[in-house]
Amino acid sequence: MAVPTTAASSFSQTALDNGLRVILREVRERPLVGVWMWYRVGGRNELPGTTGVSHWVEHMLFKGGKRFGKGEITKEISRRGGALNAFTWIDCTAYFETLPSNEVDLALAIESDRIYDTRIEPEEAEAERTVVISEREGSENYPEFWLREEVQAVVWREHPYRLGVIGPKSDLRAMTREDLYAQYKSYYMTNNATLVVVGDFSTNELLDKIHKEFDKHPAGTPPPELNIEEQPQTGERRVVVRRPGPTHYVMLAYHAPAASNPDAAPLVVLNSVLGGASSPIAWGGARGLGRSSRLYRALVDGEIASGVSAGYELTLDPYLFAFDATLRDGVEPARAETAILNEIERIQREGVPEDELARTKRQLHAQVVYSLEGVTNQGFALGFMNLVAKDPAAWQTFPEALQLVTSDDIQRVAKTYLVDDQRTTGWFIPTNNGAVS
Amino acid sequence: MATVAGSALRPERFPFKNGLVLLHNRAASNPSVVVRALVRAGASRETPGDHGVAGMTGRMLRQGTVHISKLELAEELDGMGAGLSVDIGYGLVVISIKCLTGDFRRALQIISELLRRPTFPAEELERLRGQVLTDLKEMDDNTRVVAERTWRELAYPSTHPYSRLSVGSAEIIERLDRDELNAFHEAWYGPNQTTLMVVGDVEFDVAAEASENLFGEWPGVRIERVEASLPASDLPPREQRQVDMTGKTQADVVVGLPTLDRSAPDYYALSFGNHILGRMYFMGRFGQKVRDEQGLAYYAYSELHGSYGRGPWLMRAGINPRNLDKALDSIYFELQRFLNDGPTEAEQEDGVRSLLGSLPRQLETNEGAAAVMAEIELYELGLDYLERYSTIVRSLTREQVTEAARRWLVPEHLVTAIAGPPRA
């Protein structure tokens with residue numbers, strides 16, 4: 006099944022002399038344009054002591070540069086009815102503006118200003134310190150956050166994925182403006198960025214504008230390649246988090262290969278068989294799918310958990326195949342753990358029947374279709390797949406590959422990756438016995 | 000119908016003889032469709048002693064019907080790649096399926112089956128009860144939820160539906176039986192309480208014919224407008240309450256008061272004022288002051304729920320407990336400053352521009368269009384609403400916006416609820 010596109014040609018791509026990659030896709034149905042700027046910097050490019058620096062830098066890129074003063078970026082976009090935001094992930098930092106297409110020049114000007122001319126004033130960095138700490142503290146109010154952070158810290162011994170994105174409070178308190186500026190100068194450059202624009206424009210005209218905005222920026226010294234190879238795990242690891250909380254939570258995390266590995270497609274399908282499908286290439290999609298999935302039936306219908314999910318994400322380096330369950334009142338974590346392991350073993354032993362596989366592929370196809378509604382989501386898919394699969398065409402070829410996965414493929418990857426020695430198991434145990442104050 | 004440039008929302012409205020209303024909007028940019036039933040059977044229909052019956056009835060619709068079991072339904076929906084969701088609000092229960100275009104007829108058939116022929120199997124009720132009770136326990140541990148719940152208890156009289164969360168209470172959910180769900184369903188689920196929406200890659204004639212076939216024979220129930228059951232509420236006295244929660248790091252804060260009906264003449268002026276106070280630019284003046292200038296919070300914004308029965312105006316923020324007093328002072332100060340001076344000329348101009356400019360973006364997705372269509376239908380705004388919207392917004396003056404804020408955002412009635420770690 007092909008991913009439906011609304012234009013004859015899916016997209017065009019080029020690179021400027023200074024290394025900026027440009028991916029453009031015309032969608033002329035509505036007078037809108039979605040502009041995305043992707044940088045190859047995130048949690049994986051950080052060291053202990055300054056963990057969370059990429060995310061903090063992202064916040065500072067809203068605080069003003071040469072052409073846009075403090076607050077002006079949001080003001081200029083907002084007053085035109087546009088939307089903007091940014092996110093930092095383990096592999097990347099990305100910024101977007103969605104706005105009426107006759108205002109595309111503004112978005113290009115903002116991104117051009119950001120890439121070299123962000124000031125990061127010391128007093129602004131200081132004011133943002135408490136905002137970033139507050140963002141972390143908001144997450145700390147949820148038991149699942151503590152469990153996930155603890156599990157991730159144990160899954161890897163060497164790879165920076167163990168440190169996550171937001172950073173521990175000690176680093177957030179200690180980091181300086183100079184740390185932020187050094188990270189900014191090391192990674193924000195045309196030759197470490199990709200500009201994606203989707204929407205109502207003429208490609209040639211827009212390219213002229215892009216040249217005008219970005220040609221003036223010289224290429225920088227390429228950031229160092231991450232050269233860390235995780236040593237193989239040689240036995241199950243277990244962690245327990247004891248804190249006040251409403252109920253027990255269980256997390257199982259296995260090492261899983263990167264997006265570039267040919268096993269990525271069967272792993273996405275395996276993940277969907279177990280936990281229901283979501284779009285692997287973009288945000289969005291339909292809610293409420295996956296109630297016939299293996300885990301929903303075993304744990305939710307089986308009255309063990311009130312919710313359960315499986316997750317395998319497309320990443321630059323090998324990351325996780327993980328399971329999360331929120332246990333029903335009075336259910337012991339061991340029971341949920343066993344129920345999840347039983348479902349894994351059943352697939353390893355028997356594979357997946359054809360009708361179930363067809364149902365799963367249909368879910369994946371539909372979720373991909375839903376997730377490509379609108380210019381912002383399409384811009385995300387092109388930029389994200391360009392980043393993790395190193396090929397923007399993967400926004401179409403990867404969903405196509407999912408449809409070719411067989412039961413044998415699924416059985417094989419389940420046997421290869423979801424093995425006991427590659428697992429980290431985490432339990433959240435409420436110290437107040439689930440009683441809520 | 001002429002629309003705001005580029006909005007491309009051209010809904011058609013078709014009332015059936017039995018009172019069912021079909022709203023349709025064709026949008027072919029994505030080969031999918033959103034099919035949605037809005038049933039006036041939300042938590043506002045509950046009486047004292049059955050808080051939770053609306054939610055449990057809504058959630059049980061997908062747990063088995065005369066013609067399809069829960070498991071068969073799950074397998075069929077997954078086989079279509081269709082997502083089914085049931086959301087319970089104060090006024091409405093919303094049953095929604097998002098599916099690929101080719102599955103539209105079956106999706107509508109499933110919605111008809113869920114609405115008309117649920118069986119509320121006893122075994123499934125027990126299973127769901129356990130899930131919902133765990134969900135409620137998680138909500139009791141959630142600072143944002145606890146802050147809002149506390150705020151509602153203080154801001155509305157206990158007889159008012161908005162004085163509690165629409166999900167219901169654990170004590171009542173623990174004892175609800177299927178007879179009560181059946182009775183609630185029989186009383187409130189009917190064509191004359193339902194608006195059907197079809198938004199996406201489907202022609203009107205196809206939607207109308209399928210709706211007639213599936214819902215034409217559905218007998219009506221007694222009609223009682225939701226708003227008629229909502230008592231007018233007295234405004235609360237100014238108050239602040241903190242709920243201490245162990246194991247938490249951040250305090251979540253809700254500040255606000257009951258305001259007006261969606262149909263009140265001041266609605267647009269107050270909504271515009273809220274846009275400036277808590278949304279525009281970077282979460283409005285609140286966000287600009289508390290987050291951007293002072294660095295006291297990750298989020299700080301406000302929202303106006305114009306609905307039936309004096310919907311609330313709420314300002315929300317997440318704050319480190321050490322900074323609470325300073326942040327609250329800033330929030331009260333910013334509100335007072337707005338009441339004193341109103342919007343600046345530049346804010347007024349930018350407000351108009353941003354509201355009108357954002358329409359094409361809001362209507363870009365089927366779900367976005369469905370949300371606007373629902374508002375048009377529920378509050379009887381007329382199919383030409385978006386055409387008039389530009390005039391409505393442009394005609395607002397700074398004086399009107401200031402006066403509306405002074406009339407409705409009265410500091411003497413401001414209720415503040417805080418949920419978070421105990422303060423030192």
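Protein chains in written order, with the working numbering: chain E, 6 to 442; chain Y, 0 to 423.
The C-beta atom is built at its ideal place from N, Cα and C for all residues, glycine as well.
Because the structure is a prediction, the values reported are computed rather than measured.
The three-state secondary structure of Asn24 of chain Y, taken from DSSP, is strand.
Distances from the alpha-carbon of Leu25 of chain E to those of E:Ala315, E:Tyr121 and E:Glu234 put E:Tyr121 closest.
Straight through space, the alpha carbons of Val336 of chain E and Met256 of chain E are spaced by roughly 15 Å. By the Cβ test, the stretch 355–367 of chain Y is not in contact with the stretch 301–308 of chain Y, since fewer than three Cβ pairs between them sit closer than 8 Å. For Thr365 of chain E, the secondary structure class from DSSP, reduced to helix, strand or coil, is helix.
Between the beta-carbon of Asp205 of chain E and that of Pro36 of chain E there is about 5 Å, and that keeps the pair under the 8 Å contact cut. Rounded to the nearest whole angstrom, the CA to CA distance from Tyr89 of chain Y to Gly384 of chain E is 36 Å. Along the stretch 102–141 of chain E, the alpha helix (DSSP H) occurs as fully enclosed runs of 4 or more residues at 109–122, listed in sequence order.
Excluding five sequence positions before and after Leu338 of chain Y, the CB atoms of its chain that fall closer than 7 Å to its own CB belong to Ala404, Arg405 and Leu408, given in chain order. Interface with chain Y (9 Å Cβ-Cβ cutoff): Asp176 of chain E is excluded. Its chain contains Val109, Asp110 and Leu113 as the residues whose beta carbon lies nearer than 8 Å to that of Lys214 of chain E, once the 5 sequence neighbours on both sides are disregarded; these appear in chain order. His184 of chain Y counts as buried, since at least 16 other C-beta atoms from the protein chains shown sit within 10 angstroms of its C-beta. One finds Asn29, Pro30, Ser31, Gly80 and Leu99 in chain Y with Cβ atoms closer than 9 Å to the Cβ of Val374 of chain E, taken in chain order. Taking every protein chain shown into account, the CB of Pro262 of chain E has 16 or more other CB atoms within 10 angstroms, so this residue is buried. Closer than 8 Å at the C-beta level to chain E, one finds these residues of the stretch 257–287 of chain Y: Met279, Tyr280, Phe281 and Gln287. With a beta-carbon spacing of about 18 Å, Thr252 of chain E and Asp306 of chain E fall beyond the 8 Å limit used to define contacts. Ranking E:Ser314, E:Leu272 and E:Val32 by CA distance to the CA of Ile345 of chain E puts E:Ser314 first. Distances from the CA of Ala303 of chain E to each of E:Gly281, E:Pro285 and E:Pro105 were compared; the closest alpha carbon is that of E:Gly281.
Within the same chain, Cβ atoms closer than 6 Å to the Cβ of Lys366 of chain E are found at Gln408, the five residues on either side in sequence being excluded. The Cβ atoms of Ala416 of chain Y and Arg321 of chain Y lie no closer than 9 Å to each other. Residue pairing of Phe433 of chain E in beta bridges, as defined by DSSP: E:Val246 and E:Tyr254.
What Glu378 of chain E touches in chain Y, judged by beta-carbon distance under 8 Å, is Ser28, Asn29, Ser31, Glu363, Thr364 and Asn365, going in chain order. Looking at the backbone, the Cα of Ala250 of chain Y and that of Pro223 of chain E are separated by about 46 Å.
The beta carbons of Arg49 of chain E and Tyr189 of chain E sit no closer together than 9 Å. Taking 9 Å as the threshold, the shortest C-beta distance from His60 of chain E to chain Y does not fall below it. When the five nearest sequence neighbours on each side are left out, the beta carbons in the same chain lying within less than 6 Å of the beta carbon of Asn437 of chain E are those of Pro249, in order along the chain.
Straight-line measurement puts the Cα of Thr199 of chain E at about 18 Å from the Cα of Ser265 of chain E. Leu177 of chain E and Val137 of chain E have their C-alpha atoms roughly 8 Å apart.
The three-state reading of DSSP puts Leu113 of chain Y in helix, counting H, G and I together. Positions of the alpha helix (DSSP H) runs, each at least 4 residues long and wholly inside the stretch 356–383 of chain Y, are given as 358–361 and 365–377 in order along the chain.
For Ala403 of chain Y, none of the residues of chain E pass the 8 Å Cβ criterion, the least Cβ distance being about 22 Å. At least one C-beta of chain Y is nearer than 9 Å to the C-beta of Pro251 of chain E.
From the beta-carbon of Ser139 of chain E, the residues of chain Y found nearer than 9 Å are Gln249, Arg290, Gly294, Leu295, Ala296, Tyr297, Tyr298, Gly317, Ile318, Asn319 and Asn322. No Cβ-Cβ contact shorter than 9 Å links Val34 of chain Y with Arg58 of chain Y. Judged by DSSP in its simplified three-state form, Ser306 of chain Y adopts strand.
Collapsing the DSSP output to three states places Asn196 of chain E in a helix.
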